[in-house]
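Numbering (full-length UniProt numbering), first residue to last: 1 to 697.
Glycine included, every Cβ here is placed at the ideal spot set by N, Cα and C.
Here's the structure, in structure tokens; my notes come after.
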């Protein structure tokens, strides 16, 4: 007791120089105390009276040290050396308890009473987590030296806690991860250490019936499946290990692995029946110890007897139940992979079918819409032709309109050309026609000198002419509109030509004025006629002679041909009908009508408008396809697993550096980063991890 107290005092000393000074002494003292307890509790080494005396001394003088050691572990002022020393002392105390429990028939209740070490440790908040962190911390301290030389397998504390009914605390504190790290060093340990580790691991994990879903989640996250395979291989490779102990652990490993694989199957296909890879199966089949055991069973036999004997000596004999387990796991993994491939193929085929159906439906709808536009144009042409017969060349198409009225405008131009051939006789009033929607204007255009200014109001096509000519004028015609609220004329038009002006300007030619059609919106500019439809005054001054007409240019396909504008024409009042001179020949009128018809067809409708419509339809189809692709991508992201790749239960929140894989939750990432640098591997790409980043979703 005195020696152990000295060991505790030096290992938890705050002065680093003191710990370094007594390093060798403390190392031998710790080994002496352990050996003495083993001698007392060993088979045939001590009497029952001696063991009872030792137990009384430990309860009176050693158990109270647990409170001091737990406080040191959780103290923020303690450095790594002090925490490591406290962890070594706690392991020694619980090791004493395990030795006396196995040597005597003492029940576990003896160690978990209020004054026992179990309750003392569990009363300290976060003491168990601090102990696990101190054991797993890779430090080059006195405590680590003592651990590696005297007690490399430090599983006594979690073993005693699990036996005392605190298995949930053992799982949640990270003791499974600590045991997995210790198991990785079994290939360098003796037979006794391997046997002790196999027995302790069975007590820590518990039976397969005690392994709940929460326990299975923690076990998978902390690497228990791989640890079981490592211990199984160590038991097989050690020929000196007791066969009964090896068989017991193999049976325990097979049962536990089946439970963990079943848990992986449930979790991986939990959400919506979507198949995902089983991480437990993948971790087991890809582990080196499993590959070694399966390869040993598949080794080809040598041709000679000497070679066969040498191979049998080198390769371990793997139990058949363990090989059958690996075969079953692989078969289930292959079936799951096939089901996953079929599901992905079906989803892709369904997406392609939906995309094709939507595209076909869009094309069919476009064709129907196109047919409707054609029918509408044919029906409206008759009315338009009747209306435009009263006004020569007044029904050319407006600039920048849609192709919905292209056929209407073509018919109007044909009517205009036919009417030009019968000028200069005054037209008869045309019957009234109901108002109709017409092309909207995209640019303003007014009539040339000697042209006509048209103003449409109230949704009715009303053209009113006021004749007037000067001595030098050339057939000036003014068309106005009635005031709002006035009495309508019922769609009849009145035109008066100045025959005197027509006779004086026999050689005048006609401008092909810019084409337009009636607009249903009222004009906001001043009309050339004021005071009503019958009060248009004559011009008080003679008009100058008309300038020479430039040769007509073919209209641009995409930009409208500008026309000379009137000095008083507004943005909505556009002249369409040129005043025909008395001496103008019919060929000139025909030429003007043809040019005006072609320009109107090119500007409103025709091939250009059809191309625009097709281009718009293609653009709409492209946008719809992009929307479908975005929706499919969003659904695919929703179907994608949002759980951690290791535990498959918690949400992902950690990005691994430098591979940038977003695949772990906080607990699994902490467990991964607590391992040595060489063992920090990404579960997806197996790349070494240097850091982690938390993502807040």
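query                                                                                                                     : result
Euclidean distance between Cα positions of residue 35 and residue 42                                                      : 10 Å
Alpha carbon of residue 683 to alpha carbon of residue 37, nearest angstrom                                               : 44 Å
Same chain, Cβ closer than 8 Å to residue 289, neighbours up to 5 away in sequence not counted                            : 226, 229, 230, 232 and 233
4 or more residues per run - each alpha helix (DSSP H) lying fully within the segment 7-40                                : 16-21
Classification of residue 178 by the beta-carbon crowding that lies within 10 angstroms, buried from 16 upward            : buried
Outcome for residue 18 when other beta-carbon atoms lying within 10 angstroms are tallied against a minimum of 16         : exposed
Uninterrupted beta strand (DSSP E) stretches inside the UniProt domain "RING-type" (644-686) (no shorter than 3 residues) : 654-657 and 662-664
Three-state class that DSSP yields for residue 692 in the structure shown                                                 : strand
Inter-stretch contact (C-beta, 8 Å, three-pair minimum) for the segment 202-212 and the segment 239-256                   : yes
Contact check, residue 1 vs residue 62, beta carbons under 8 Å                                                            : yes
Cβ contact (3+ pairs, closer than 8 Å) linking the segment 119-128 and the segment 181-197                                : no
Of the residues 657, 655, 649 and 687, the one placed nearest residue 213, counting alpha carbons only                    : 649
Other residues of its chain near residue 264: CB distance less than 8 Å, five sequence neighbours each side excluded      : 220, 278, 279, 280, 281 and 648
Which of helix, strand or coil DSSP assigns to residue 184                                                                : coil
Rounded Cβ spacing between residue 669 and residue 657 (contact assumed at less than 8 Å)                                 : About 11 Å; that fails the 8 Å criterion.
Assigned exposure category for residue 665 - 16 Cβ within 10 Å defines buried                                             : buried
Own chain partners of residue 485 with C-beta closer than 8 Å, once the 5 adjacent residues on each side are dropped      : With a pLDDT of 46 at residue 485, under the threshold of 50, the modelled position of that residue is not reliable, and no figure is offered here.
Rounded straight-line distance, which links the Cα of residue 633 to that of residue 616                                  : 26 Å
Straight-line gap, residue 680 to residue 60 (C-alpha atoms, nearest Å)                                                   : 44 Å
Segment limits, alpha helix (DSSP H) that includes residue 193                                                            : 191-205
Span of the alpha helix (DSSP H), counted from its first residue to its last, around residue 81                           : 80-103
Residue 652 and residue 663 closer than 8 Å at C-beta                                                                     : yes
Spatially closest choice to residue 67 from 8, 102 and 51, by CA coordinates                                              : 8
Length of the line joining the Cα atoms of residue 188 and residue 197                                                    : 13 Å
Simplified DSSP assignment, three categories, for residue 721                                                             : The shown model of the chain, from 1 to 697, leaves out residue 721, and the question about it has no answer.
Delimiting residues of the alpha helix (DSSP H) encompassing residue 248                                                  : 243-268
Alpha carbon of residue 55 to alpha carbon of residue 100, nearest angstrom                                               : 8 Å
Beta-carbon spacing of residue 3, residue 22 below 8 Å                                                                    : no
Residues near residue 108 by beta carbon distance below 6 Å, same chain, minus five either side                           : 163 and 164
Classification of residue 695 by the beta-carbon crowding that lies within 10 angstroms, buried from 16 upward            : exposed
Rounded C-alpha distance that separates residue 114 from residue 64                                                       : 11 Å
Proximity of residue 160 and residue 111 at Cβ, strictly below 8 Å                                                        : yes
Proximity below 8 Å, CB of residue 241 to CB of residue 195                                                               : yes
Where residue 111 falls: helix, strand or coil (DSSP)                                                                     : coil
Member of 16, 322 and 203 whose CA lies at the smallest distance from the CA of residue 700                               : The structure shown does not extend to residue 700, since the chain is modelled only from 1 through 697, so no value can be given for it.
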